[in-house]
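Participant: Position one of the sequence shown corresponds to residue 1 (full-length UniProt numbering), numbered consecutively onward.
Note that the Cβ used here is the ideal one computed from N, Cα and C, for glycine as well.
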Amino acid sequence: MTFQELLFKFNFSKKAYDLTFHLSKKIKNTLDYLTYKNCKIDFSLEEFKLLFEDPKPIERLLKKVYFCNQEFTLIDNVFCPRNETELIIEILEKKHLTGKYIDICAGTGVIGITLLKQHKELQGTLLDISNKAIENININLKKHRINAKVIQEDWFEHLTNNSYQIITANFPYVGKKDPIDKEILKYDPPLALFAELDGWEHYEKMLNWMRNNSEWKIVVLECSSLHEKKWQKIKHSEWKIEFIKDLNNLLRVVLITR
């Protein structure tokens, strides 16, 4: 059976494409598919069928996720990175980054590890409060042969006693009353999703810390489009604040520099 015949059999569904990209050693994206669609599949058809029929997200089934074209391990009870988060990497990849860097609420570690691979002069720290996240981070650091400090601690307590020049964070930003897909609740830990103050809790703390810390230079935060009005009200004479929107033209990332 060829790749094209396989996808035809499964109605060219998104899940069929995604499974093919994950299972095949030859085809990793649509361009590869167009090149090799008439070649025979290079994985087990039975395995494909079993995975296709399982209702879990593909990343959970295969325990791996792709971020910026790199493969990372994803273990249960750790937040699964979304494609939109790659905007953080795109924003920073052309900047010359040096000094102490921390990725907060690191989860699988994809943001921090990707940046440390791109910016060799950074001294990296990856922080999360979750036991499972710390386990996942260490697995991916070893997988990608990256050296970084790994800290399990409340992020605000850590920053109260430590300073960094570069900070990235994908905070929990869903308010308790916000609409959310029930499927997400089945697989992503609530601790990585929900926050007080209608999801604004961590941003309020971060902004207060930034006002009182003199060492940070760049802070990049993934955020909710529901908070755009709050962000528009943030003013500081020494800060430059940029708003970056995703492919749906919704606010996704805030870049703050000074």
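Mind checking residue 90: buried by the 16 CB within 10 Å criterion, or exposed?
Facilitator: Residue mapping note: residue 90 aligns to position 90 of the sequence shown, counting from 1. Exposed: under 16 other Cβ atoms inside 10 Å.
Participant: Go ahead and label residue 172 buried or exposed: buried means 16 or more other beta carbons lie within 10 angstroms of its beta carbon, across all protein chains shown.
Facilitator: For the purposes of this step, residue 172 is taken as the residue at position 172 of the sequence shown. Under this definition residue 172 is a buried residue.
Participant: Near residue 51, which residues of its chain fall below 7 Å by C-beta distance, leaving aside the five closest residues on each side in sequence?
Facilitator: Taking the sequence shown and counting its residues from 1, the one referred to as residue 51 is at position 51. For residue 51, where only same-chain residues beyond five positions count, the Cβ hits under 7 Å are 19 and 61.
Participant: What residue range does the beta strand (DSSP E) around residue 71 cover?
Facilitator: Residue 71 sits at position 71 when you count from the first residue of the sequence shown. Unbroken beta strand (DSSP E) run through residue 71: 70-73.
Participant: Applying the 10 Å Cβ sphere with the 16-neighbour rule, what's the burial state of residue 170?
Facilitator: If you number the sequence shown from 1, residue 170 lands on position 170. Buried.
Participant: Excluding the 5 residues preceding and the 5 following residue 27 in the sequence, name in chain order all residues of the same chain whose CB lies nearer than 7 Å to its CB.
Facilitator: For the purposes of this step, residue 27 is taken as residue 27 along the sequence shown, with counting starting at 1. Excluding residues within five positions, the ones whose Cβ falls inside 7 Å are 3, 20, 21, 33 and 36.
Participant: On the DSSP letters alone, give me the boundaries of the alpha helix (DSSP H) that residue 17 sits inside.
Facilitator: Indexing the sequence shown from 1 puts residue 17 at position 17. Where residue 17 is concerned, the enclosing alpha helix (DSSP H) stretches over 14-23.
Participant: Please specify which runs of the beta strand (DSSP E), each continuous and at least 3 residues long, are wholly inside the region 162-190, giving them in chain order.
Facilitator: With a minimum length of 3 residues, the continuous beta strand (DSSP E) runs that stay inside the region 162-190 are 166-169.
Participant: How is the alpha helix (DSSP H) around residue 114 delimited, first residue to last?
Facilitator: Residue 114 sits at position 114 when you count from the first residue of the sequence shown. Residue 114 -> alpha helix (DSSP H) spans 110-118.
Participant: Would DSSP call residue 258 helix, strand or coil?
Facilitator: Counting from one through the sequence shown, the residue named residue 258 turns up at place 258. The answer is coil: DSSP assigns residue 258 none of H, G, I, E or B.
Participant: In terms of residue numbering, what span does the beta strand (DSSP E) encompassing residue 245 cover?
Facilitator: By one-based count along the sequence shown, residue 245 stands at place 245. Unbroken beta strand (DSSP E) run through residue 245: 240-245.
Participant: Keeping to the same chain, check which residues put their C-beta closer than 6 Å to that of residue 239; ignore five residues upstream and five downstream.
Facilitator: In the sequence shown, counting from the first residue as 1, residue 239 sits at position 239. Excluding positions up to five away in sequence, the list reads 256 and 258.
Participant: How many angstroms separate the CA atom of residue 150 from the CA atom of residue 138?
Facilitator: Locating residue 150 in the sequence shown gives position 150, where the first residue counts as 1. Locating residue 138 in the sequence shown gives position 138, where the first residue counts as 1. One C-alpha to the other measures close to 8 Å.
Participant: Would DSSP call residue 149 helix, strand or coil?
Facilitator: Locating residue 149 in the sequence shown gives position 149, counting from the first residue. Residue state, collapsed to three classes: strand.
Participant: Taking the alpha helix (DSSP H) that residue 141 belongs to, which residues open and close that run?
Facilitator: Within the sequence shown, residue 141 is the residue found at index 141, counting from 1. Segment 131-144, the alpha helix (DSSP H) holding residue 141.
Participant: Along the chain, where does the alpha helix (DSSP H) that runs through residue 30 open and close?
Facilitator: Stepping through the sequence shown from its first residue, residue 30 is reached at position 30. 30-36 is the span of the alpha helix (DSSP H), which, as asked, contains residue 30.
Participant: Please state the DSSP three-state secondary structure of residue 93.
Facilitator: Taking the first residue of the sequence shown as 1, we reach residue 93 at position 93. Three-state DSSP puts residue 93 in coil, outside helix and strand.
Participant: With a threshold of 7 Å on Cβ separation, who are the neighbours of residue 88 within its own chain once the five nearest residues in sequence on each side are excluded?
Facilitator: Numbered from 1 along the sequence shown, position 88 holds the residue referred to as residue 88. The answer, listed in chain order, is 111, 168, 220, 222 and 253.
Participant: By DSSP's criteria, residue 253 is part of a beta bridge. Which residues make up the other side?
Facilitator: Taking the sequence shown and counting its residues from 1, the one referred to as residue 253 is at position 253. The partner list for residue 253 (beta bridge, DSSP) reads 222 and 244.
Participant: Can you find at least 3 beta carbon pairs, one from the region 99-108 and one from the region 69-82, that sit closer than 8 Å?
Facilitator: The region 99-108, when compared against the region 69-82, does touch it at the 8 Å Cβ threshold.
Participant: Which of the three DSSP states is assigned to residue 48 in this structure?
Facilitator: Reading the sequence shown from its first residue, position 48 is the one you call residue 48. The answer is helix: DSSP assigns residue 48 an H, G or I state.
Participant: Residues in the same chain with beta-carbon distance under 8 Å from residue 251, minus the five sequence neighbours each way, listed in chain order, please.
Facilitator: Taking the sequence shown and counting its residues from 1, one reaches residue 251 at position 251. Cβ neighbours of residue 251 beyond the five flanking positions: 223, 224, 225, 227, 228, 231, 243, 244 and 245.
Participant: With DSSP as the reference, please indicate the residues paired to residue 232 in a beta bridge.
Facilitator: The count along the sequence shown starts at 1 and reaches residue 232 at position 232. In DSSP, residue 232 forms no bridge with anything.
Participant: Would you kindly work out how many angstroms separate the C-alpha atoms of residue 164 and residue 66, rounded to a whole number?
Facilitator: Here residue 164 refers to the residue found at position 164 of the sequence shown. Here residue 66 refers to the residue found at position 66 of the sequence shown. Computed Cα separation, rounded: 28 Å.
Participant: If the criterion is Cβ atoms closer than 8 Å, does the pair residue 6 and residue 41 meet it?
Facilitator: Taking the first residue of the sequence shown as position 1, residue 6 is located at position 6. Taking the first residue of the sequence shown as position 1, residue 41 is located at position 41. For residue 6 and residue 41, yes; Cβs fall inside 8 Å.
Participant: Taking DSSP as the reference, what is the three-state secondary structure of residue 63?
Facilitator: Against the sequence shown, residue 63 aligns to sequence position 63. Coil at residue 63, not helix or strand.
Participant: Which stretch, first to last residue, makes up the alpha helix (DSSP H) that contains residue 100?
Facilitator: Within the sequence shown, residue 100 is the residue found at index 100, counting from 1. Note, residue 100: premise wrong, no alpha helix (DSSP H); beta strand (DSSP E) at 99-104.
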